[in-house]
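J.: I am attaching a structure below and will ask some questions about it afterwards.
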Amino acid sequence: MRLPKSIVKGSVLMPKDNDSPFLLDMHKRGLQNLDRMARYPLSAPVDLVVVGAGAGGVTLAQRLARAGWRVVILEKGPFWDPDRDWVSDEKGAAGIYWTDPRIISGNDPIEMGKNNSGVGVGGSMTHFAGYVPRFHPSDFEVRTRDGVGVDWPISYWDLKDSFERVELELPVAGQDWPWGDPHSYPHGPHPVAGAASVAWQGALGCGIEMRVGPVAITNGVFGRRPHCIYRGFCLQGCKVNAKASPLITHLPDAIEYGVEVRADCMATRVEVDESSGRCTGVTYVDGDNIERFQPADAVAVCGYAIETPRLLLNSQSRRFPHGLANGSDQVGRYVMVQGATQIAARFPYELRMYKAPPPEISSEQFYETDQSRGFARGFSIQTVGPLPIDWAQHVLADGHWGQAMREYMRDYNHWTLLGLLCEFLPLPENRVTLASETDRYGMPVANFSYSLCENDRRNVEYGTNVIEEIWESAGAQDTLKIDRYAHLVGGCRMGFTPEDSVVDSSHRAWECPNLFVCDGSVFPTEGAANPALVIMALADRLAGLLKTKRVSAPPAARKKEPASLRR
Amino acid sequence: MPYDFAEAHHLPNRRLPEQAHADPYDLPRQRRGVTPQMHGRYPDYDVLEQADHWDEVTRRVVLERVGSVPEIRFFAMEEVETLTAFADIVLAQDSEPRIPVLAYVDQKLFNGERDGYRYFDMPDDDETWRRVARGLDEEARRRGHDRFALLPVDRQLEVCHGFATGKLHKGAWDTLNVSRAWSVVMRYLLQSFYSHPWAWNEIGFGGPAYPRGYSRFGSPHLQSAERETWEGKEAFEIDPVEDTQQRGLE
Ligand SMILES: Cc1cc2nc3c(=O)[nH]c(=O)nc-3n(C[C@H](O)[C@H](O)[C@H](O)COP(=O)(O)OP(=O)(O)OC[C@H]3O[C@@H](n4cnc5c(N)ncnc54)[C@H](O)[C@@H]3O)c2cc1C
Ligand code: SF4
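The listed protein sequences derive, respectively, from chains B and C.
Just so we're aligned, residue 519 is where the first sequence starts under our numbering, counting upward by one.
Just so we're aligned, residue 686 is where the second sequence starts under our numbering, counting upward by one.
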């Protein structure tokens, strides 16, 4: 019998192969099974070393551990306990961003840090906003359809099952989705706060459809994950465990199946065997500043779009003098950001946009190419809700300081924002290289160069006008604009040939058969959707391909069956 | 005079060219808690009264920010003088009480905390700050004074305007990308100012909200339900005549 959707939504549907929501504690946010975490010796190879405990790395590790792989994850940052380490405060959250030195250059240098890079177990999703849209089928074939960028070596349909599995694990809350490949979500839409509802009205007024969600925030019973309390600090780390990050959505289960996470460990080189060209393991600097080497049968680099290329470029050897897997000079190229211009609007009444999660409603009506607009590809429109420091940056960007700054700041509660997510095109010169300067591990710092192309600029300009129209139709009294950029993908893209890409369609480096890249850096193009769900779905798909292909013998079963906890 | 913030005429972008800046000293005086310069739009709102409702870790961080001003360890005394005068101008802190922003900037620089990036044509942030201090004093000398802190306010404003629009040259400025230097120092200053509960009082921000969260964030068309009972009322909703009578101030 098919249950009515209203019953299926909410508490009934739970992921099949991931017990994470049951392994948490309702009243303590940190992981409860750390005392059961495996410890592998440095003396023998494990099946897989993963660099980076983020969206790609943890999801991959969890899946493979369930298939019997012995996995060690090296993570540069701390093992977060949200109760102890995170604060409900904008400035106090600085520790959860990657703030080690990076150089930014090009015509349009991209600001890093809190804008796009996380650190610590859970990766960037610990402070991501929470939007988890799918890519559209068109995103995988933009060269064929629109004559720009490149096609992916896989299609939407290769990822569809993975999208559904991951959406159930996060779980995603939102209205039925009409764009791309239409689909629905496991949890129903969250209530819409005042600030976002004004945007909704404005959009309706000029014929633009919006939908609530999709956000990776529980909206109903989900194991031991509490419900969102609408406090609006999603970008500072969710102290409630309502917003998804791999720290709580995949790692608890991974630990039950024998994954070891070594926090405070910075990978500095992937080592190779000069004769066979295979990688042998990873050298890292641990929390006591001691250099160590973890041997492994395979390595998966999952450090995100800046650090993944940086690590490979730094892994030079006689066989790979220009960096590992970089024989075609592809490592570090085609990094992309999304145009994320935001426009704030002023209304006569209080809106208090600091309440409720910043990601509330969005529109993908302008996602696909429309030749009449004068550029290829498109953009999404989404709500954002900056806290005071961020709001001050908006006011500054509009050219105000002194008394004018204070005046706009005092007006904070009357404002609300909409932001763009514009698809930018992949360009070879938008790239990560190694600078001469080194960091505290003695590793060369990344230099990230970025310049927009004409198509990018037109996209942003067009999108900006659309948002201005929405605000006009909503009756805004004043608007402020800030040009900014969000998200980072590309840098080790997957492709059809070794000449034009770093990894093949199964994330395997063309030049090194036991090296994998599984994070946002493999994206050949970026779509106009936020990347986290796609990254997790790619990891899910890769795990499905690898499962049975482990090189060494399976470990003695040490998995505990947490199913009893379900009762 | 009832305050009318429903209209937007007080906003800098909406003011007529000949209109002067609205004088912030015409705003309500703060009656509860502290705001910078004691003016604001929420005269009876003190976010610090909510501290009991915050989780312990957050409470410690925020209360320490207010309670113990870090001592200066990074800047030299002369730099402190120059940069304090500069910070007062760009944040419009022209009377007591002032949020001691420079102390927080100093603390961050001293601890070696950074924001995760540096422009290829800029020195490290600490060096940027030092050069800006030098440049500001050079501007003062060009205007016949020894130090930026000694310039009359209108000349200080003029220098800051040049800085904000990237139009300062010679000396220290030629060793910097001036617009980027502006964005670096303003980033530090705004972070220090708007992380302070006094500034939250001024703008009516709810502050840390864990574990309590919010239950009233609803429609703007339901005016009465949109605010938590503890959140501050904006001044324009308060009729000053009625208010003073109620408080027995007449
Ligand atoms: C403020 C903000 C808002 C965002 N909002 C959204 C959103 O709403 N929706 C969305 O989909 N996405 C959003 N994102 C982006 C999203 O979080 C990332 O795209 C995603 O987490 C990237 O996944 P990843 O696996 O590639 O890398 P990450 O999740 O960043 O994981 C990489 C991990 O590797 C570690 N690492 C790197 N190098 C090394 C090394 N050498 N040794 C050891 N460890 C290393 C890092 O510390 C990090 O923990 C947002 C990001 C930010 C910063
Ligand atoms: S608004 Fe909800 S999801 Fe966001 S941080 Fe708060 S509780 Fe977590």
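Virtual Cβ for every residue (Gly too), placed ideally from N, Cα, C.
Small disclaimer: the values here were computed from a predicted structure and weren't measured.
What are the residues that DSSP puts in a beta bridge with residue 797 of chain B?
T.: B/790
J.: Return yes when the Cβ of residue 770 of chain B is within less than 7 Å of the Cβ of residue 541 of chain B, no when it is not.
T.: yes
J.: If you measure from the beta carbon of residue 730 of chain B to each beta carbon in chain C, is any gap under 7 Å?
T.: no
J.: Find the nearest neighbour of residue 564 of chain B within the set B/1024, B/591 and B/790, judged by alpha-carbon distance.
T.: B/591
J.: Taking Cβ-Cβ distances below 9 Å as the criterion, which residues of the region 734-751 of chain B are in contact with chain C?
T.: 746, 747, 748, 749, 750 and 751
J.: Evaluate the contact criterion for the region 857-877 of chain C versus the region 768-781 of chain C: three or more CB pairs, one atom per stretch, below 8 Å.
T.: yes
J.: For residue 533 of chain B, verify whether its CB is less than 6 Å away from any heavy atom of ligand 2.
T.: no
J.: For my contact list, residue 593 of chain B and residue 780 of chain B are in at a C-beta cut-off of 8 Å; report their separation, rounded to the angstrom.
T.: 7 Å
J.: For residue 750 of chain B, is the beta carbon positioned less than 6 Å from some heavy atom of ligand 2?
T.: Checking the Cβ of residue 750 of chain B against ligand 2 gives yes.
J.: If you follow the alpha helix (DSSP H) that residue 949 of chain B is in, where does it begin and where does it stop?
T.: Run containing residue 949 of chain B: none in the alpha helix (DSSP H); it sits in the beta strand (DSSP E), 949-956.
J.: In terms of alpha-carbon separation, which member of B/772, B/636 and B/721 lies closest to residue 550 of chain B?
T.: B/772
J.: Can you say whether residue 535 of chain B is buried or exposed, counting buried as having 16 or more other CB atoms within 10 angstroms of its CB?
T.: exposed
J.: State the start and end residues of the unbroken beta strand (DSSP E) segment that holds residue 933 of chain B.
T.: Start and end: 933-940.
J.: Would residue 723 of chain C count as contacting chain B if we go by Cβ distances under 7 Å?
T.: Not one chain B Cβ lies under 7 Å of residue 723 of chain C.
J.: For residue 1066 of chain B, name the three-state secondary structure that DSSP assigns.
T.: helix
J.: Can you list, in chain order, the residues of the region 902-923 of chain B whose Cβ is nearer than 8 Å to any Cβ on chain C?
T.: Here the close residues are 905, 906, 907, 909, 910, 911, 914, 916, 917, 918, 919, 920, 921, 922 and 923.
J.: Output, in sequence order along the chain, the residues in the region 756-787 of chain B whose CB is closer than 8 Å to any CB in chain C.
T.: Residues of the region 756-787 of chain B with a C-beta atom less than 8 Å from some C-beta of chain C are 757 and 758, listed in chain order.
J.: Please tell me whether residue 620 of chain B has its Cβ less than 7 Å away from any Cβ of chain C.
T.: Interface annotation, residue 620 of chain B: in contact with chain C, CB-CB separation under 7 Å.
J.: Which same chain residues, not among the five before or five after residue 581 of chain B, have their C-beta less than 6 Å away from its C-beta?
T.: 1061
J.: Measuring from the CB of residue 1005 of chain B, is there a heavy atom of ligand 1 at a distance below 6 Å?
T.: yes
J.: Look at residue 1054 of chain B and residue 573 of chain B and say whether their C-beta atoms are less than 7 Å apart.
T.: yes
J.: When we look at the beta-carbon of residue 912 of chain B and count the other beta-carbons within 10 Å, is it buried (16 or more) or exposed?
T.: Classification for residue 912 of chain B: buried.
J.: Run through chain B and tell me which residues come within less than 8 Å of residue 792 of chain C, C-beta to C-beta.
T.: Contact of residue 792 of chain C with chain B by beta-carbon distance below 8 Å is absent, the smallest such distance being about 11 Å.
J.: Relative to chain B, which residues along the region 794-809 of chain C have a C-beta separation below 9 Å, given in chain order?
T.: 798, 799, 800, 801, 802, 803, 804, 805, 806 and 809
J.: Give me the chain B residues within the contact set of residue 886 of chain C, using Cβ-Cβ distance strictly less than 7 Å, ordered along the chain.
T.: Chain B residues near residue 886 of chain C: none, gap ~11 Å exceeds 7 Å.
J.: By Cβ distance, which residues of its chain are closer than 8 Å to residue 522 of chain B, with the 5 residues on each side in sequence left out?
T.: With a pLDDT of only 49 at residue 522 of chain B, under the threshold of 50, the placement of this residue in the model should not be trusted; the figure read from the coordinates follows. Cβ neighbours of residue 522 of chain B beyond the five flanking positions: none.
J.: In the DSSP assignment, find the alpha helix (DSSP H) that holds residue 666 of chain B and state where it starts and stops.
T.: Following the DSSP letters along the chain, one finds residue 666 of chain B in no alpha helix (DSSP H), marked with neither H nor E.
J.: Could you check whether residue 777 of chain B and residue 579 of chain B sit closer than 7 Å to each other, using their CB atoms as the reference points?
T.: Residue 579 of chain B is a Cβ neighbour of residue 777 of chain B, given a cutoff of 7 Å.
J.: Please report how far the alpha carbon of residue 794 of chain B lies from the alpha carbon of residue 1038 of chain B, in whole angstroms.
T.: 28 Å
J.: Measuring straight from C-alpha to C-alpha, what distance separates residue 775 of chain B and residue 547 of chain B?
T.: About 20 Å.
J.: Could you tell me which of B/621, B/628 and B/606 sits nearest to residue 856 of chain B, measuring between CA atoms?
T.: B/628
J.: Using 7 Å as the threshold, is the C-beta distance between residue 790 of chain B and residue 835 of chain B below it?
T.: yes
J.: List, from N- to C-terminal side, the alpha helix (DSSP H) runs of 4 residues or more that fit wholly inside the region 968-1033 of chain B.
T.: 972-992
J.: Would a C-beta distance cut-off of 7 Å place residue 742 of chain B and residue 850 of chain B closer than the cut-off?
T.: no
J.: For chain C, find out if any of its Cβ atoms is closer than 7 Å to the Cβ of residue 617 of chain B; answer yes or no.
T.: yes
J.: In chain order, what residues of the same chain lie with their CB nearer than 6 Å to the CB of residue 633 of chain B, ignoring the 5 residues before and after it?
T.: none
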